[in-house]
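Colleague:
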Amino acid sequence: MATKASRSAARLMMAPAVILLLGWMLVPLIMTLWFSFRVYLPLRGGDQGWAGFDNYIRFVTSSAFWPSVQTTLIIVIGVLAITVIFGILIALLLDQPIWGQGVVRILVIAPFFVMPTVSALVWKNMFMDPVNGLFSHLWRFFGAEPVSWLSDASLPSIIMIVSWQWLPFATLILLTAVQSLDSEQLEAAEMDGAPWHKRFWFLVLPHLSRAITIVILIQTIFLLAIFAEIFVTTGGAFGTRTLSYLIFQRVLESQNVGLGSAGGVYAIILANIVAIFLMRIVGKNLD
Amino acid sequence: MGQIELKQVTKSFGDVQVIPPLDLTIHDGEFTVFVGPSGCGKSTLLRLIAGLEDISSGHIEIDGKDATDLVPAKRGLAMVFQSYALYPHMSVRKNIAFPLRMAKMDPAEIDRRVNAAAEVLNLADYIDRRPGQLSGGQRQRVAIGRAIVREPSAFLFDEPLSNLDAALRVGMRMEISELHKKLKTTMVYVTHDQVEAMTMADKIVVLQAGVIEQVGSPLELYRRPRNTFVAGFIGSPKMNLIGGEEAAKHDAATIGIRPEHIDVVESDGMWQGSVGVAEHLGSDTFFHIHNTGLTETITVRAIGDINLTHGDTIHLNPRMHELHRFDAQGLRID
Ligand SMILES: Nc1ncnc2c1ncn2[C@@H]1O[C@H](COP(=O)(O)OP(=O)(O)OP(=O)(O)O)[C@@H](O)[C@H]1O
Ligand SMILES: [Mg+2]
């Protein structure tokens with residue numbers, strides 16, 4: 001958009017979307033901020049006036065706060081690592097000419113269409129159940145003691161479930177990037193004497209950096225707020241209480257809207273810190 | 288050294304044989320040009336030599352050693368691609384140094400060679416830029432630089448100038464020819480532009496549908512085309528190929544006469560017709576002549592500013608000693 005006229009036209013065209021999005025964001029944000037400064041206990045007297053910063057102090061000083069931040073970050077980083085690494089591998093495989101390519105691609109994308117609640121329930125009951133799960137049968141087949149996944153290895157289990165859901169997204173974005181790589185560049189590198197792992201390192205990976213950035217940014221935003229997977233599997237027990245789950249417990253289990261809202265504000269701050277941090281590291285790929 | 292020999296080489300993609308059995312020797316230091324219409328298998332042949340495609344049968348020898356099963360990197364050849372295929376994330380310097388880094392060469396030696404190549408190709412001003420910040424001609428030079436630092440035994444070019452504008456193309460043509468004179472390395476050059484082929488080549492290989500129609504120096508091909516295909520392909524504008532009765536007068540199925548070998552005369556020409564389109568190039572004028580009584584339109588080159596316009600009658604006299612005769616199979620009759 002080069003000319004002044006086209007720029008102002010563009011602004012005009014974008015205005016409705018921007019205003020709508022702003023309203024969409026601002027209304028809940030302002031309500032959260034409002035409640036976070038109130039003593040609001042719906043079942044014990046309702047709105048009881050100003051609380052000052054009491055809610056904020058109580059939320060961070062509670063013994064559950066820092067562990068929940070830690071849990072959140074572990075899940076986010078774990079899922080990101082798994083989806084990006086396996087996403088690249090699967091994208092490279094899918095780019096090869098194989099028989100039944102179309103069907104394989106649809107199968108790979110399929111998990112993305114399964115609702116988080118459903119997929120978590122399937123994993124919990126069909127795979128990870130210590131008595132009847134497929135994994136327990138597999139373990140017993142090899143003579144090993146079945147693992148109680150969701151209690152003994154709760155965090156890895158949740159990371160596994162969430163990764164399974166997000167892998168298709170990462171694969172899809174990375175696959176389109178892999179396909180856009182100029183094959184003559186790879187051939188030139190081949191003639192220049194670069195073996196496949198150097199071709200990957202010097203050509204494929206830099207080419208994918210933009211796509212990887214997008215995958216990381218988008219996934220992080222969604223992963224910071226995962227809820228259903230934890231709700232239907234561990235219910236926040238066994239060290240799987242994330243920040244968003246803690247907020248849920250404060251609001252609904254403790255019936256303390258003010259305290260939960262203060263947690264919500266902290267979550268917004270955490271998300272922004274992570275986002276700024278990510279933009280710094282990888283954002284330069286998005287210039 | 289850089290002798291390349293193809294022995295009974297064939298290439299099929301699935302059921303389609305793109306290159307039927309083909310023999311060709313490219314001598315050390317020669318500038319060989321593969322030329323032919325689109326889809327005739329020029330690129331495929333070059334990629335077979337490079338090792339980027341496996342040959343279906345036959346042998347390739349480089350410097351007398353069998354290279355049929357050698358991986359591309361081990362053949363000692365460097366290739367310049369039509370799209371330049373520069374590495375977009377690396378600076379010009381890193382691009383040029385890449386093959387040397389892959390060969391684990393000593394960094395001091397890498398620097399020396401990169402600087403020498405930059406000198407030869409005038410790259411010094413933008414050596415720290417990325418390919419995306421260069422013009423087409425500059426990218427082309429970088430691609431050539433990346434090829435020459437390896438000091439290969441032969442260079443392979445696949446239509447390297449087809450993405451450049453006309454003026455730049457002429458300039459780069461000269462530069463590549465000069466580079467060849469300086470390095471004296473074997474070069475194999477693919478193009479579909481017969482002007483490029485004529486101006487650059489020591490040896491031209493004319494291909495059609497994967498078959499070599501003729502091999503020879505540019506002038507050999509110009510003077511003694513082996514068949515009607517080569518006759519029509521080499522030379523610009525195209526040779527007039529005339530069949531029918533006129534050819535029968537000369538005991539041939541087809542006769543050929545180049546536009547530059549037909550004289551425009553005042554009267555009493557062998558042929559006469561009316562002027563159709565006239566293309567004025569300044570130094571020359573090309574006339575397309577209709578209604579000559581021949582089945583074909585005749586193209587004629589006239590020197591300078593001759594004053595004939597559309598519809599005028601023109602008298603023509605072909606120079607009989609420059610006439611080419613071809614038999615019913617299209618082969619040359621001597
Ligand atoms: N990977 C491939 N699979 C199947 N057919 C192919 C493949 N590559 C080339 N061909 C076929 O081989 C023939 C020769 O192709 P090639 O690219 O060598 O032509 P070319 O002479 O370089 O043409 P151009 O001047 O247009 O570049 C074409 O008919 C093409 O369709
Ligand atoms: Mg080609």
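So the protein sequences, as listed, match chains A and B. For the record, in the first sequence the residue sitting at position 29 is 29 according to my numbering, with numbers rising by one throughout. The number in my numbering is simply the position in the second sequence, starting from 1, with 287 added. Each residue gets a CB set at the ideal place from its N, CA and C atoms; glycine is no exception.
1. Does DSSP put B:SER344 in a helix, in a strand, or in coil?
2. What are the start and end residues of the beta strand (DSSP E) that includes A:TYR56?
3. Among all residues, which have a Cβ less than 5 Å from at least one non-hydrogen atom of ligand 1, and in what chain order do they fall?
4. Starting from B:MET366 and walking both ways along the alpha helix (DSSP H), at which residues does that stretch end?
5. Please list, in chain order, all residues of the same chain as B:GLY563 whose beta carbon is under 6 Å from its beta carbon, the five residues on each side excluded.
6. Indicate whether at least one CB of chain A lies closer than 8 Å to the CB of B:MET474.
7. Quick check on A:PHE202 - is its C-beta less than 8 Å from some C-beta in chain B?
8. Mind pulling the beta strand (DSSP E) runs of 3 or more residues that sit fully within the region 424–492 of chain B?
9. Have a look at B:ASP480 and A:ILE109 and give me their C-alpha separation to the nearest angstrom.
10. Can you tell me which of the three DSSP states B:ASP353 falls into?
11. Are three or more beta carbon pairs between the region 47–67 of chain A and the region 197–211 of chain A nearer than 8 Å?
12. Compare the Cα-Cα distances from A:GLY239 to each of A:ASP152, A:GLU253, A:LEU259 and A:LEU167 and report the closest residue.
13. Check whether the Cβ of B:ASP445 lies closer than 7 Å to any heavy atom of ligand 2, and answer yes or no.
14. Between A:GLN96 and chain B, is there a C-beta pair that is closer than 8 Å?
15. Which residue comes first and which comes last in the beta strand (DSSP E) that contains B:THR596?
16. Does A:PRO206 get closer than 8 Å to chain B when you measure Cβ to Cβ?
17. Quick test of the definition: if touching needs 3 or more C-beta pairs under 8 Å, does the region 383–390 of chain B touch the region 463–472 of chain B?
18. So which residues of chain B does A:LYS124 contact, with C-beta pairs closer than 8 Å?
19. Hey, would you say B:LYS525 sits closer than 8 Å to B:THR586, going by beta carbons?
20. Do B:VAL477 and ligand 2 come close, with the Cβ less than 7 Å from some heavy atom?
21. Could one say the Cβ of B:ALA365 lies closer than 8 Å to chain A's Cβ atoms, at least one of them?
22. Look at the alpha carbon of B:MET474 and the alpha carbon of B:GLY556, and state the distance between them as a whole number of angstroms.
23. What residues in the region 368–400 of chain B have a beta carbon less than 7 Å from any beta carbon of chain A?
24. What residues from the region 453–467 of chain B come within 7 Å of chain A, judged by C-beta to C-beta, listed N to C?
25. Check A:GLY260 in the structure and name its three-state DSSP category.
26. Do A:SER157 and A:TRP166 have their C-beta atoms closer together than 8 Å?
27. Would you mind stating whether B:ILE414 and B:VAL379 have Cβ atoms separated by less than 8 Å?
28. Consult DSSP for A:TRP99 and reduce its assignment to one of helix, strand or coil.
29. Going along chain B, which residues have a C-beta under 7 Å from A:VAL194?
30. Cβ closer than 7 Å: which chain B residues qualify as neighbours of A:GLN185?
31. For a test of the three-state rule: what should DSSP assign to B:PRO308, helix, strand or coil?
32. Taking only three categories from DSSP, how would you classify A:GLU145?
33. Based on the DSSP output, what are the partners of A:ARG38 in its beta bridges?
34. So the candidates are B:GLY531, B:GLY424, B:GLN295 and B:SER370; which of them puts its Cα closest to the Cα of B:LEU455?
Modeller: Straight from the coordinates:
1. For the purposes of this step, residue 344 of chain B is taken as residue 57 along the second sequence, with counting starting at 1. In this structure, B:SER344 counts as strand in the three-state DSSP scheme.
2. The residue labelled residue 56 of chain A in the question sits at position 56 within the first sequence. From DSSP, A:TYR56 is part of no beta strand (DSSP E) but of the alpha helix (DSSP H) over 54–61.
3. B:PHE300, B:VAL305, B:SER325, B:GLY326, B:CYS327, B:GLY328, B:LYS329, B:SER330, B:THR331 and B:HIS479
4. Against the second sequence, residue 366 of chain B aligns to sequence position 79. Taken as a continuous stretch (DSSP letters only), B:MET366 belongs to no alpha helix (DSSP H), being part of the beta strand (DSSP E) at 364–367.
5. Counting from one through the second sequence, the residue named residue 563 of chain B turns up at place 276. Closer than 6 Å at Cβ, skipping near neighbours: HIS575 and HIS577.
6. Numbered from 1 along the second sequence, position 187 holds the residue referred to as residue 474 of chain B. Judged by the 8 Å Cβ criterion, B:MET474 is not in contact with chain A.
7. In the first sequence, residue 202 of chain A corresponds to position 202, counting from 1. So, interface residue.
8. 441–445 and 473–478
9. Against the second sequence, residue 480 of chain B aligns to sequence position 193. Against the first sequence, residue 109 of chain A aligns to sequence position 109. Approximately 47 Å, taken between the alpha carbons.
10. Position 66 of the second sequence, counted from the start, is the residue given in the question as residue 353 of chain B. In the structure shown, B:ASP353 sits in a strand (DSSP, three-state: E or B).
11. no
12. Reading the first sequence from its first residue, position 239 is the one you call residue 239 of chain A. For A:GLY239, the nearest C-alpha among the options comes from A:ASP152.
13. Counting from 1 along the second sequence, the entry for residue 445 of chain B is found at position 158. Yes, ligand 2 has a heavy atom inside 7 Å of this Cβ.
14. On the first sequence, position 96 is the one that residue 96 of chain A refers to. Chain B contact via Cβ: absent.
15. Against the second sequence, residue 596 of chain B aligns to sequence position 309. No beta strand (DSSP E) contains B:THR596, which DSSP labels as neither H nor E.
16. Within the first sequence, residue 206 of chain A is the residue found at index 206, counting from 1. It does: the Cβ of A:PRO206 has a partner Cβ on chain B nearer than 8 Å.
17. no
18. What you label residue 124 of chain A is simply residue 124 of the first sequence in a count that begins at 1. Neighbours of A:LYS124 on chain B: none; closest Cβ ~44 Å, over 8 Å.
19. Position 238 of the second sequence holds residue 525 of chain B. Position 299 of the second sequence holds residue 586 of chain B. Yes, Cβ-Cβ distance for B:LYS525 and B:THR586 is below 8 Å.
20. Against the second sequence, residue 477 of chain B aligns to sequence position 190. Because some heavy atom of ligand 2 lies under 7 Å away, the Cβ of B:VAL477 counts as near it: yes.
21. The residue given as residue 365 of chain B occupies position 78 in the second sequence. Output row for B:ALA365: interface = yes.
22. Counted from its first residue, the second sequence places residue 474 of chain B at position 187. Counted from its first residue, the second sequence places residue 556 of chain B at position 269. Near 46 Å, if we compare the C-alpha coordinates of B:GLY556 and B:MET474.
23. PHE368, SER370, ALA372, TYR374, HIS376, PHE385, PRO386, MET389 and ALA390
24. none
25. Position 260 of the first sequence, counting from 1, holds the residue named residue 260 of chain A. Looking at A:GLY260 - three-state DSSP - the assignment turns out to be helix.
26. Stepping through the first sequence from its first residue, residue 157 of chain A is reached at position 157. Stepping through the first sequence from its first residue, residue 166 of chain A is reached at position 166. Cβ distance not < 8 Å, so A:SER157 and A:TRP166 don't count as in contact.
27. Translated into the one-based positions of the second sequence, residue 414 of chain B becomes position 127. Translated into the one-based positions of the second sequence, residue 379 of chain B becomes position 92. Yes, these two residues count as a Cβ contact at 8 Å.
28. Reading the first sequence from its first residue, position 99 is the one you call residue 99 of chain A. Coil.
29. Walking along the first sequence from the start, residue 194 of chain A turns up at place 194. In the sequence under discussion, the amino acid at residue 194 of chain A is Ala, which differs from the Val named in the question. Simply MET389.
30. Residue numbering aside, residue 185 of chain A sits at position 185 when the first sequence is read from its first letter. The contacting residues are ALA372 and TYR374.
31. Numbered from 1 along the second sequence, position 21 holds the residue referred to as residue 308 of chain B. Reduced to three states, the DSSP call for B:PRO308 is strand.
32. Working through the first sequence from its first residue, we reach residue 145 of chain A at position 145. Note: A:GLU145 maps to coil in three-state DSSP.
33. Start at 1 with the first residue of the first sequence, and residue 38 of chain A comes out as number 38. DSSP lists A:TRP50 as partners of A:ARG38.
34. Within the second sequence, numbered from 1, the residue matching residue 455 of chain B stands at position 168. If we check each option's Cα against that of B:LEU455, B:GLY424 comes out closest.
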